[in-house]
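Under our numbering, the letters of the sequence shown match residues 272 to 1004, in that order. Using N, Cα and C, we set each Cβ at its ideal position, and we do this for glycine too.
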Amino acid sequence: MKDKVAEPGGAGSDSELGQARDARRPGCPIVAIGASAGGLEALGSVFSRIPTDLGASFVVVQHLSPNHPSMLSILIRRMTALDVRDIVDGEQPRPNTVHVVPPNRHVVLQEGRLVLQVPQQNTHPVPSVDVFLRSLAKECPTRSIAVILSGTGSDGAEGVRSLHANGGRILAQLPTSAKYPGMPQAALRTGCTERLVTPAETADAIGEMLHSTGEAAIPAPIAGNDPLQALFTRLYARTEVAFADYKRATFLRRLERRQNACGVGSLEGYLEFTERHPEELDLLRQDLLISVTSFFRDGPAYEILGAELHKRFATRPAVQRFRVWVPGCATGEEVYSLAILMAEALGEEFGPHRCQIFATDIDENAMKVARRGVYAAKSLRSLDAARIREHFRSVTDGMEISQRIRDVVVFSRHDLTKDPPFGRVDLISCRNVLIYFNAALQERVLDLFQYALKTDGLLFLGRSEGVKSHDGKFTEVDKAARLYRPHGNRRSVGWIATAPRATEPARETDLPPSHAEFLALAAQAYLPPAVILNDRQEIVHVIGDVSPYVRLGEGKATLSLPELIHSSVRSDFQILAHRFQAGGEPLLGRPHKIGTGTASRRVRIALYPMRLGPSALLVVFEPCRGGAPGSEEESGPLDGELEQELRLTREHLQTVIEELETSNEELQSVNEELQATNEELQTTNEELETSNEELQSANEELITVNEGSRRNQPISSPPIRISSISSTAWDSL
């Protein structure tokens, strides 16, 4: 549907047309929010923080299944105090209102109204973010803000370019905070995104943009006026690698080298330099991605690993393929060293049917070297002559790895800190990678490795690495070789992706022993019993005597509080923990009676957030003052407590219902995208078949021409004979 710039039969000057266009613009700014798979959770976080007097109209363009009615407006209504409504064709955008696009319809802004359109072809997801943003770029770009949230694919990228080119403002969700980062990353790659924000930060960012002049795009904000954090954010926006969780000393050394190379003396000056020369960020990234490796580095460790592989292959059925993952493979020497070890262990049976190595890295330049498999002769000095003869051949520019070794290796770009891991692998070789990560990221990566490995798998680390501080995850197979196996059951791995922090965390300082002892004594004397839980609700620290409330049961030992907590308060704890995960605010439960007779006591549970992680919490068992259990003084509020418990139970049930509805909506959205992808693949397959037929036809023509060139004389002689016959026939007539 085309924009109407003048009424039929009328004409006017450019100024008249401009005035007419201004007159039909909406009376409030428009915030277009595009999302797809995983977007509902982000939408909830955004709208729960939007004030009701911001004055903007919000249009939610969420990919929806065309075959099912949508509950999206109902779900958003539960998240916000704003007015939420499904779009009616031709209505005007209203301030402080959330307009939701219905299923199987596109929406455009035309003459100041929201117009619904029936999709004409399967070139866009439905509803399309691109279609709506392009209409905003035509109608009211300087009063529009686009927000791209979680989703698969690249819908929104073209619309972002169009809106930005006409003066619109662009926000995108920080990809590492998105369940599905495809859409935010596509928007980021356009180079038009002004700011990267988490869903929790989006409301404030929208407010700042609405209250600014909007005359020019603003640079990414410097969080807390900290230039180092600004550099982390700028680096991530450019390279999609989060260096904030790398060891600070290593980062600063590499940064100093780049500052010296650029002739810049301060970090602030370097920031200004990267703003004028953004390609410098690529050079800094390349300098930070250190690729120091060699064949059979730390030879004795490889000998121990080789002996272990011999034992495993001797008892392993031939039908079971041995899977290896090498994250941080760099230029490939470590990968090919492992492949040579397996070739020596398997002998004639070696091949892709018996073993497979997945080699991954985030440095494409390093992987180009690894894929080629050609190395300078001096880099093979750590190999004995027999291995060189067996597995390498001499080429013009060096020594090339044999095809037999190369066939078992698959190279792929993969970010260890944010991409999903390979599953059920027999061996992970991650040597001299963890040493560049800080302690928090190391622990998250080791959690990921424990999940990825089979129960009898092996973890092979570098000489300077280990898992001493991560008790419970791995046990030693050989200390000298830094060889480990996973301990316990494989845990599910949630989101482990890292992101540039908005503010610099306080430096960790070690208290003097006397101060630490004083704090421990004070906690024991004056604080009620409590436990600190990690993100898996496992006890990591105990304060005071919690034996009346937390007890070990029979059977397999566990530190999971839901299994150890007293049965009288277990239900209350589970409800509070569920509410805490949704909101992250301190919570207080109702009083409970624990024990019988004179040993009975009244206690309530309190939950407080901790800075140890996004899901870590402090669980406090607070004694309740009042009459003895069973007395008249106690029985008074019993009805109220029961009513409160019933209310909490109902809230918990309602939350579960809402989450199920949300999950159903997301599944419908993902199903629609899978259907669209399937159609695209089918179209691509048809095009490939057509191309194949054309190539086959061209091949036949070439064969014919080739045969003709070989039989040139026999082909040219018949026309002469035919001409002679024709001449004779004409003469006779």
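Expected contact under 8 Å - CB spacing of residue i and residue j to nearest Å
i, j, result
"I419", "V431", "7 Å"
"P390", "V379", "With 8 Å as the limit, P390 and V379 do not qualify as a contact, their Cβ atoms being about 12 Å apart."
"L1086", "V802", "Past the edges of the chain, shown from 272 to 1004, lies residue 1086, and the structure says nothing about it."
"L387", "P364", "Contact doesn't hold; Cβ gap of about 13 Å is too wide."
"G310", "G422", "6 Å"
"S341", "L335", "5 Å"
"E518", "Y707", "It should be pointed out that residue 518 corresponds to Lys in this sequence rather than to Glu. With 8 Å as the limit, K518 and Y707 qualify as a contact, their Cβ atoms being about 6 Å apart."
"D558", "R528", "6 Å"
"T464", "A513", "No, T464 and A513 are not in contact; Cβ-Cβ is about 16 Å, not under 8 Å."
"L651", "M670", "6 Å"
"V402", "H370", "The Cβ separation is near 15 Å, so there is no contact."
"F844", "I876", "6 Å"
Nearest to residue i (by Cα), restricted to the options the options
i, options, result
"F566", "H662, L526, A589, K639", "H662"
"R642", "K649, A648, D632", "D632"
"S608", "R466, V400, I441, D569", "D569"
"S735", "D727, L729, K744, L754", "L754"
"D497", "C533, P588, L542", "L542"
"Q381", "T368, V400, A637, E410", "E410"
"V704", "T726, Y722, V402, D516", "D516"
"L580", "K649, V748, S683, R684", "V748"
"K864", "V811, T447, V840, A572", "V840"
"N531", "L555, A520, R547", "L555"
"A449", "C463, T469, T461", "T469"
"R702", "E605, T521, L924", "E605"
"R695", "L730, V817, V927, L538", "L730"
"K649", "N636, S665, D634", "S665"
"G361", "G383, Q925, P549, E511", "G383"
"Q925", "E546, K827, L346", "L346"
"L499", "I810, L526, L434", "L526"
"V941", "P300, S433, G453", "G453"
"N636", "S653, A656, T602, R660", "T602"
Pair within 9 Å by beta-carbon distance, residue i and residue j
i, j, result
"L724", "R756", "yes"
"V302", "V330", "yes"
"M598", "I699", "The question names Met, but residue 598 in the sequence shown is Pro. Cβ atoms of P598 and I699: closer than 9 Å."
"R658", "I628", "no"
"S307", "G424", "yes"
"A408", "A436", "yes"
"P374", "H339", "yes"
"L404", "G305", "yes"
"R861", "L919", "yes"
"V400", "G439", "no"
"L314", "L481", "no"
"P692", "F720", "yes"
"A887", "L804", "yes"
"L830", "L847", "no"
"R675", "G622", "yes"
"E893", "P819", "no"
"M638", "R684", "yes"
"L442", "R466", "yes"
"D727", "D697", "yes"
"F318", "T368", "no"
"P322", "R414", "no"
"R625", "A589", "yes"
"A647", "F682", "no"
"L751", "A572", "Sequence inspection shows Ala at residue 751; the Leu mentioned does not correspond to that position. Result yes, Cβ atoms of A751 and A572 sit closer than 9 Å."
"R320", "D475", "yes"
Which full runs of the beta strand (DSSP E) of 3+ residues lie inside the stretch 529-571, going along the chain? none
Given 8 Å as the limit, is there contact between the stretch 347-367 and the stretch 498-515, that is, 3 or more CB pairs closer than that? no
Stretch pair the stretch 583-596 + the stretch 636-653: three plus CB contacts closer than 8 Å: no
Which complete beta strand (DSSP E) runs does the stretch 367-417 hold, if anything under 3 residues is left out? 368-371, 377-381, 384-388
What runs of the alpha helix (DSSP H), each 4 residues or longer, lie entirely inside the stretch 599-684? 604-617, 635-643, 656-662, 674-677
Ignoring anything shorter than 4 residues or poking outside the stretch 823-892, list the alpha helix (DSSP H) runs there in chain order. 832-835, 838-854
Which runs of the alpha helix (DSSP H), 4 residues or longer, sit entirely within the stretch 289-363? 310-318, 343-348
What are the complete beta strand (DSSP E) segments, minimum 3 residues, inside the stretch 682-738? 696-701, 724-732
List in chain order: all unbroken alpha helix (DSSP H) runs of 4+ residues lying wholly within the stretch 406-471. 428-436, 453-460
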